[in-house]
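Q: Residue numbers (the working numbering): 2 to 419.
Think of the CB as a built atom: it goes at the ideal place given N, C-alpha and C, for glycine as much as any other residue.
Below you'll find the structure I mean.
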Amino acid sequence: MAEIGRRQLTFGLTAFGLGCGCRAGLAASAGEPPEPRPDRRSGGPPKIRPKPRPDPGFHAWVAGFRRRALAEGIAPATFDRAFANVQYLSRVTATDRAQTAPRRPLEAYIARAASPERLRIGAAKLKRHRRLFDRLEARFGVPREVLAAIWGMESGFGAMTGKTPVISALATLAFEARRASYFEGELLAALRIVEAGDTGPGPLRGSWAGAMGHMQFMPSTWLAHGVDFDGDGRRDIRGEDPADALASAANYLSASGWVAGAPWGLQVRLPGGRDPLATRSVAEWRARGVTRVGGGAVPDHGAAELILPDGAGGPAFLLFANTRVLRAYNDSIKYALGVGHLADRLGGGKPLAATRAELDFEARQALQTRLTRAGFDTGGADGVFGHRTTAAIRAWEAAEGLPVTGVATRAALERLGG
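What follows is the structure in C-alpha cells.
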C-alpha cells in the first residue's frame, strides 16, 4: 500500500503477508480480519463472543467531522451518502495496535515473494494483458515485470483487495486520535473520490487501513496519481479491468523518479573487502573486484549502493536509483528486494544464488538486540541488516576502537556478549 502514519503503515500487510512498512500513500491489503469462529472442538454448544459495544463518542466525532468536511468543500449529500452506514470497527483498532513487522528471514521472504504459484499467475497475467503492458511501458517507462510484481505482492493479482468498509475503517482510525490528522486527510480524499464519481458501483471496500484496489492505494494516492487509462471517464482502481490500477501505479512510480531502462539492482559477488552501505560509481565497484553473480561485469547504471542484508557471508546486492523508487512505494528493504527479484524472475531471471551467512536468522536478531541494548539503535530486531543496523555496527566498531566495516559477523555478536 502506500503511506500511512506518514510513510509507516501504508503497505503494512501485502497479499500473503509479505508487506512491511510503507510509503506512497498506498496501503496494506490486509483485508478484513476474519470473524471469530465458534469453538466446536469440545462437542458442546458454540461459544458465542459478545460483540464489542461501539465507543459512545464515535457518533459525536462523526458529527464534528461532518462540519469539518463541509468546510473543506465536500457536498452535504456526498458526505451523508458515504457515511449512511458508518460504524466504529473495533477489529480495525485491534489490528492497528497489534501491528508488527513480519519476522521472516530474508531468504524465506524472497522465496515466498517469487513462489512458483506467483510466478505462474504472473506469467499468465503478463500474457493476457500484453497489449495493456505495451501501452503502459510506452507511456510511463516502467517495466511490465515491475508492475506485475507489485500487483502480485499487493493483492495477489487482484484476488485479495480487502473487504473492510473503507469509510468506516478510516473513520475509526481517525477517531482513535493516534494519527487523527493523517486519517482525516485520507477520509477527505475518499470523499472527494466519491464526489468525482471515480468509484464505480457499490461502497468502498479495502484493507483495514483503508488501502484499495489491485495496487492497494490509499485514497490520497488514488486522488493524486489515479489515471483513467481505459477511457471510461473514471479513475477506477478497483474494477475488474486492472488498466486504471496498473496505470496509476506506473504513474506513481514515474512521478517518484523511475529511471527508464535501468534495473533496480542485482546480486553480486565480493572479492573480500566489504563496505556495506557505501555508494560508489560502477567503475569504482568494478575496480574493487565486484562482479555479477554468474560472472560478468556489473552494468553501469549510475551510482550503486552495496548492501549485505544478512551480514557477512550472506547475499550481496548493488542497488541502483530505482530501488529508492520501490522504497517510495513501500519503505522496506525486504519489500524492495522481494519486488525486484520477483520482477527479475517474471522476466526470465534465475533464482538468487545460494549463500551461507555467518549468522543465522536468530543470531542476526540477537545481534540487533545486543547493539540496541548497548546504546546503538538498530530500529528493531527483524533479522535484516539495512541502513540503521549497519550504521549501528559502524558506530559500535568505532566506539570499541575496531576497524569500521559495518559488517555483521560472528565475532561482533560474541564481543557484544549476552
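Who are Ile308's beta bridge partners in DSSP?
A: Ile308 is bridged to Phe318.
Q: What's the C-alpha gap between Gly407 and Leu189?
A: So the alpha carbons of these two residues sit roughly 45 Å apart.
Q: Between Ile238 and Leu247, what straight-line distance do the alpha-carbon atoms span, to the nearest angstrom?
A: Each residue's alpha carbon lies about 8 Å from the other.
Q: Exposed or buried, what is Pro57 when buried is set at 16 or more other beta-carbons lying within 10 Å of its beta-carbon?
A: Per the 10 Å Cβ criterion, exposed.
Q: Since Val93 is in the alpha helix (DSSP H), which residue starts that stretch and which ends it?
A: Segment 91–99, the alpha helix (DSSP H) holding Val93.
Q: Who does Thr165 pair with in a DSSP beta bridge?
A: Gly207, per the DSSP bridge assignment.
Q: What residues are listed by DSSP as bridge partners for Met213?
A: Answer is Phe218, bridged to Met213.
Q: Quick check: what's the CA-CA separation for Ala355 versus Leu267?
A: When rounded, the distance between both Cα atoms is 14 Å.
Q: What are the boundary residues of the beta strand (DSSP E) that Gly266 is part of?
A: Here the beta strand (DSSP E) through Gly266 covers 266–270.
Q: Hey, could you find the ends of the alpha helix (DSSP H) Val63 is sitting in?
A: Here the alpha helix (DSSP H) through Val63 covers 59–72.
Q: If you draw a straight line from the C-alpha of Thr173 to the C-alpha of Tyr89, how long is it?
A: So the alpha carbons of these two residues sit roughly 5 Å apart.
Q: Gly312: buried (16+ other C-beta within 10 angstroms of its C-beta) or exposed?
A: It counts as buried.
Q: Give the DSSP bridge partners of Thr292, in chain order.
A: DSSP lists Arg270 as partners of Thr292.
Q: Considering only residues of the same chain and omitting the five flanking positions on each side of Pro77, which have a CB-CB separation below 7 Å?
A: Same-chain partners within the cutoff: Leu71.
Q: May I ask you to report which of helix, strand or coil DSSP gives Arg357?
A: Looking at Arg357 - three-state DSSP - the assignment turns out to be coil, as it is neither helix nor strand.
Q: How close, in whole Å, do the beta carbons of Leu127 and Arg145 come, if the pair is a contact with beta carbons under 8 Å?
A: Contact holds; Cβ gap of about 6 Å.
Q: Whole angstroms is fine: what's the gap from Val291's alpha carbon to Ala298's?
A: Spanning the two alpha carbons is a distance of roughly 8 Å.
Q: Arg69: which of Glu306, Arg121, Gly163, Glu185 sits nearest, CA to CA?
A: Looking at the Cα atoms, Glu185 is the closest of the given residues.
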